[in-house]
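*Asks:*
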Amino acid sequence: MAATSMCTVQLGSALTVPLFGQLGALGTAGLRLGCTGLILLVAIRPRPRDFSSRDLLACMVLGLVTAGMMVFFMLAIARLPLGTASALEFLGPLTVSLFGPRKGRLVWAAAAATGVVLLTEPWHGGADPVGVGSALLAAGCWAAYILLTQRVGDRVTGLNGLAVSMPVAAVLGLTLAAPDLAERHTWSALWTMLVLAVLSPVIPFALEFLALRRLTASAFGTLMSLEPAIALMVGLLVLGQRPGTAATLGLVLVVVASVGATRSGARPAPSSKEALASSSCA
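Mapping to our numbering: the sequence shown position 280 is 272, numbers consecutive.
1. Quick one: what's got a C-beta closer than 6 Å to Ala269's C-beta in the same chain, skipping five residues either side?
2. Just to confirm the assignment: which complete alpha helix (DSSP H) runs, minimum length 4, are found wholly within the segment 95 to 155?
3. I'd like to check one pair, Val160 with Gly55: are the Cβ atoms closer than 8 Å?
4. Is it buried or exposed for Trp134, if we count other Cβ within 10 angstroms and need 16 for buried?
5. Starting from the Cα of Leu140, find the closest Cα among Leu129, Leu154, Leu128 and Ala127 and give me that residue.
6. For Arg39 and Leu48, what's the separation of their Cα atoms in angstroms?
7. Might you give, ordered along the chain, the residues of its own chain that have their beta carbon closer than 6 Å to the beta carbon of Met52, omitting 5 neighbours on each side?
8. Going straight from the alpha carbon of His62 to that of Ala130, what length do you get?
9. Pull up the CB-CB distance for Gly107 and Ser(-3), whole angstroms please, since I reckon it's below 8 Å.
10. Output the distance between the C-alpha atoms of Val9 and Thr184, rounded to the nearest integer angstrom.
11. For the alpha helix (DSSP H) that Met61 lies in, which residues bound it at each end?
12. Using only CA atoms, which one of Val99, Ala77 and Gly16 lies nearest to Gly125?
13. Considering only residues of the same chain and omitting the five flanking positions on each side of Ala162, which have a CB-CB separation below 6 Å?
14. Cutting at 6 Å between CB atoms, please list the residues of its own chain near Leu166, excluding the five before and the five after it.
15. Between Leu204 and the rest of its own chain, which residues show a CB-CB distance below 7 Å, the 5 nearest in sequence each way excluded?
16. Return the chain-ordered list of same chain residues with a C-beta closer than 6 Å to the C-beta of Gly4, the five sequence neighbours on each side being excluded.
17. Look up Leu207 in the DSSP assignment and say whether it is helix, strand or coil.
18. Does DSSP put Arg41 in a helix, in a strand, or in coil?
19. Please classify Met(-7): does DSSP put it in a helix, a strand, or coil?
20. Helix, strand or coil for Phe82 per DSSP?
21. Provide the residue span of the alpha helix (DSSP H) that contains Gly236, from first to last.
22. Give the range of the alpha helix (DSSP H) segment to which Leu32 is assigned.
23. Can you tell me which of Leu173, Pro196 and Met158 puts its alpha carbon nearest to the alpha carbon of Gly13?
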């Protein structure tokens, strides 16, 4: 589930880049969030009475974090190669992984961190400071997203939590993007974004909700070290962004770290009562 999520989110990001010229990065992010929120709200139709006040608040905060993650990442890939932006954003889940159990986790986190450095190649200099700053803000939002998604996924049945958080993210994203969209939006861009919204983030966010019910947050964070490598490959195949030798070595390191995290990061099996409840929700 996590691997499929990462592939779809990076492919969706790459296919969104051509829209920057028409909508701008902020307009693209806002329209993407708006389409996603609408799709999930119509498809799942969550009922407020099914939530406790605390869980409803957690879903709303998750929506704000999700909007920040999407908006800042769109601003980053408008100025940086997809692989570089994804590598910097990965510092968020990497930080989460460092707070997990110590059994082998620091080894995998160190391997992933080395891979991120090689993918980013900071010694070359000349990186766009606004792009780097946006990617780092997206990293902070991603770390909060992992922790909040696990909490909401454990407490709210099915995908109801996602169907509340994404409309909240949509409102915030569209509010921020309103000036750009008022002047640049077209019906063709809207229909294109509806299709892309299904590819990413509807499918990957749903898969992440399910994956975080089976993995610890720290293991999931380290597993996400695959994301810069996937972004590197998608950038090469879709956008023609060719990696160098250091970036290729970084890809190998993050794959090794991800395999190690997967082998040691499964969450404890649920009790028979919990498993029955989960099955009923599905």
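Ideal Cβ placement from N, Cα and C applies to all residues, glycine included.
*Replies:* Taking the coordinates as given:
1. Summary for Ala269: the model assigns pLDDT 42, below 50, so the residue's position carries little reliability; its value from the coordinates is reported in the next sentence. So no residue of the chain qualifies.
2. 97 to 112 and 121 to 147
3. Taking C-beta atoms as the reference points, Gly55 and Val160 count as a pair closer than 8 Å.
4. buried
5. Among Leu129, Leu154, Leu128 and Ala127, the Cα nearest to that of Leu140 is on Leu154.
6. 11 Å
7. Val160
8. Rather than His, the amino acid found at residue 62 in this sequence is Met. For Met62 and Ala130, the distance between alpha carbons rounds to 7 Å.
9. Gly107 to Ser(-3), Cβ: 19 Å. No contact.
10. 12 Å
11. Counting along the chain, the unbroken alpha helix (DSSP H) around Met61 starts and ends at Ser45 to Ile69.
12. Ala77
13. Leu25, Gly26 and Gly29
14. Gly22 and Gly26
15. Thr141, Gln142, Gly145 and Phe212
16. Leu188, Leu191 and Ser192
17. strand
18. helix
19. coil
20. coil
21. According to the DSSP assignment, Gly236 belongs to no alpha helix (DSSP H), since it is labelled neither H nor E.
22. For Leu32, the enclosing alpha helix (DSSP H) has its first and last residue at Phe12 to Ile36.
23. Leu173
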